[in-house]
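Under our numbering, residue 150 is the last one in the sequence shown; the count climbs by one each step, no gaps.
By construction, the Cβ of each residue, glycine as well, lies at the ideal position given by its N, Cα and C atoms.
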Amino acid sequence: MSNIRITKQFSFETGHALYGYDGKCKNVHGHSYKLSVTVIGSPITDRSNVKFGMVIDFSDLKKIVKEEIVDQFDHATVFNQTTPHIELANELKNRGHHVILVDYQPTSENMVVDFAERIVARLPKGISLFSLKLQETESSFAEWYASDNL
């Protein structure tokens, strides 16, 4: 049976700041992120299976990405926990804001690696993550490909 790639797209709003950066992104700001998730696998050939002909039900893929990424990162502010931004993060948390502390600089490049690890851990047997595209503006994005990360 042929391998088929399917893609589902997601949108979420997230704020961040890049500590130590020499440009405007050192300031707290946000993006309307677009995430494209592409998985690969063979369509189900068992005619008695309700998902006959599907690689993975789009709703199953949506559930994984929504739980692992969208629900967690939407309308959150992401800071690197190993920088002085921790003080700002704690202040925001104390005021009821949704803050995520990560152990990396929250660039699109690092976020897409984090997202790939989260998704891979949840995919069912026989389905592989093929690629991710995390778009932070209309003209700027980071991509992750499984083939580049063997």
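- Of all C-beta pairs linking the segment 48 to 67 to the segment 117 to 126, three or more are shorter than 8 Å, placing the two stretches in contact.
- By the neighbour-count definition (other C-beta atoms within 10 Å, threshold 16), Y21 is an exposed residue.
- Less than 8 Å divides the Cβ of A89 from the Cβ of V99.
- The segment 3 to 12 and the segment 64 to 71 touch, with three or more beta-carbon pairs separated by less than 8 Å.
- Fewer than three Cβ pairs drawn from the segment 30 to 48 and the segment 80 to 96 lie within less than 8 Å of each other, which leaves the two stretches out of contact.
- Note on the segment 7 to 42: whole beta strand (DSSP E) runs with a minimum of 3 residues are 29 to 41, in chain order.
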